[in-house]
Amino acid sequence: MASSSPSPAVASPPEPPLTAPQPTRRGLPPPCWSHDETLALIESYRHKWHSLRCANLRAADWDEVAADLSRRSSLLPSATPKTSVQCRHKIEKLRKRFRSDRLRSLTLRPHTPPSSSWPFFPFMESLEQPPSASLSGSPSHSDDADDSRTIRRLVSNGEGLRFTVPKAVRSKKMNPSSGGGKLKGVFSDAGVKPAMEEMRRRLERKRKEEMEAGTAGGMVEALRMVGDGFMRIEQVKLDMARETERIRMEMELKRTEMIIDSQQRIVDAFVKSFVGGVKRKKGKVSPDS
């Protein structure tokens, strides 16, 4: 009986190594701050900071800033909700950029007011101004008036709100009962065009004043340098004149001394010759003659 040979064992494929599941990173993505959202944040922070008399904001205060920002940004179509932490980080970045640009401007142009091409520079500079008298009074203002003042301030400060209002909204008359009282007179042609014209005139006036101040400062500096140069030249001339006069006086004194010395020698020689002649005459005349 033939013995059956054992069948060869089939090698099983290697099992893939087990990898530990990667922990999902939690956290909010960096917020995308639009131009108008940043302006609204600066405005909300300014109101809260001035109401606290420029004191440090606490967590509850930042929550109020975020809530006020959400209320202001509700008019913007591309606005996204922001937390209090995001608002605080954004304000810290804005303050850091403002300090850097202000220091650079004062270093390059010490005789002119600080300025920068950064669009948020004038708005951050307004934070350094003392709180207005209106903040010290009673805060009992209506939401409609607050929204209208906020939007008008953003427009008149030189930047404006960069979003499009639908034609249906612009053409339809809004009444306070339908919620249109907040935007009445702000987005109409009669309200926007004068504000934009005033904004343009203010920007042109400010740019002209900065150019004139820079030109005047440069001219004053150039005149000061020229005046210093003339003063140094005149001082050198005076020093040379004094030195020349001193040398001339010394030479004149030496010449006078030489003349006196030579005249003294002539007189001495004349006296000696006269005395010697007299003695010789007396020696020739004998007493016996």
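With positions in the sequence shown counted from 1, the corresponding number in our numbering is that position plus 1387.
For every residue, glycine included, the Cβ atom is placed at its ideal position computed from N, Cα and C.
Just so it is clear, the structure is predicted and the values come from calculations on it, not from any experiment.
- Here the alpha carbons of Phe1508 and Thr1425 stand approximately 12 Å from one another.
- In the DSSP annotation of this structure, the continuous segment of the alpha helix (DSSP H) that includes Gln1473 starts and ends at 1471–1495.
- The C-alpha of Asp1626 is placed about 54 Å away from the C-alpha of Val1662.
- The Cβ neighbour count for Lys1659, taken over all protein chains shown within 10 Å, is under 16; the residue is labelled exposed.
- Counted as a single uninterrupted DSSP element, the alpha helix (DSSP H) harbouring Trp1449 occupies residues 1446–1460.
- For Gly1601 and Ser1421, the gap between their C-alpha atoms comes out near 33 Å.
- Taking 8 Å as the cut-off, the beta carbon of Leu1456 is found no closer than this to the beta carbon of Asp1423.
- Following the DSSP letters along the chain, one finds Glu1512 inside the alpha helix (DSSP H) bounded by residues 1508–1514.
- Rounded to whole angstroms, the gap between the alpha carbons of Ser1492 and Phe1485 is 11 Å.
- Leu1428: member of the alpha helix (DSSP H) spanning 1422–1438, first to last residue.
- Spanning the alpha carbons of Met1606 and Ser1487 requires a straight line of approximately 27 Å.
- Between Leu1428 and Lys1477, the C-beta gap is smaller than 8 Å, which places the two residues in contact.
- Between Cys1441 and Trp1449, the alpha-carbon positions lie close to 14 Å from each other.
- Remark: C-beta atoms of Arg1482 and Pro1501 do not approach each other more closely than 8 Å.
- Restricting attention to Met1618, Trp1436, Thr1470, the CA atom closest to the CA of Cys1419 is found in Thr1470.
- Here DSSP, grouped into helix, strand and coil, assigns Ala1603 to helix.
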